[in-house]
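So in the working numbering, spot 89 of the sequence shown is number 125, and the numbers just go up one at a time.
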Amino acid sequence: MIETVYNDRGEIVKTKERRLLMLNDVLLCATVSTRTSHDSSAGVSTSQRYLLKWSVPLGHVEVIEYGGDEGVGENGRCPLVHVPESLAVVASAKPKCMGLGPGSA
Numbered sequence: 037m038i039e040t041v042y043n044d045r046g047e048i049v050k051t052k053e054r055r056l057l058m059l060n061d062v063l064l065c066a067t068v069s070t071r072t073s074h075d076s077s078a079g080v081s082t083s084q085r086y087l088l089k090w091s092v093p094l095g096h097v098e099v100i101e102y103g104g105d106e107g108v109g110e111n112g113r114c115p116l117v118h119v120p121e122s123l124a125v126v127a128s129a130k131p132k133c134m135g136l137g138p139g140s141a
């Protein structure tokens, strides 16, 4: 997922790569930090570490599809397969609300 940061005039300042991880009862957002270590016996090895940015209980998360009515299933529910650019995640956990998706800060 890409997080977009805007300035006061609504211009894009920078983008940040994020990873969303959904567990049984929580949604996590983390950044990936790649580490390279030099081991005299094994040579060069690369590992990844995750830095937690935020977490929210799944009960406070709503997934919203936008961008038209195509692909909407029966009862107005969305099918299980989505194009990533057409989804937004809204987490209403206190103390603030956050929205994630294309063009969200």
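Beta carbons: idealized from backbone N, C-alpha and C, even for Gly.
Beta-carbon spacing of residue i, residue j below 9 Å
{"i": "THR162", "j": "TYR86", "result": "No answer is possible for residue 162: it lies beyond the span of the chain, which begins at 37 and ends at 141."}
Distance between beta carbons of residue j and residue i, contact taken as under 8 Å
{"i": "LEU63", "j": "LEU94", "result": "6 Å"}
Closest residue to residue i among the options (Cα-Cα distance)
{"i": "GLY69", "options": "HIS96, LYS52 and VAL41", "result": "What sits at residue 69 in the sequence shown is Ser, not Gly. When only C-alpha atoms are compared, the closest one is LYS52."}
{"i": "SER91", "options": "SER83, VAL49 and ARG55", "result": "ARG55"}
{"i": "HIS96", "options": "ASP61, ILE48 and LYS50", "result": "ASP61"}
What beta strand (DSSP E) runs, 3 residues minimum, are completely inside the region 46-75?
48-53, 55-58 and 62-75
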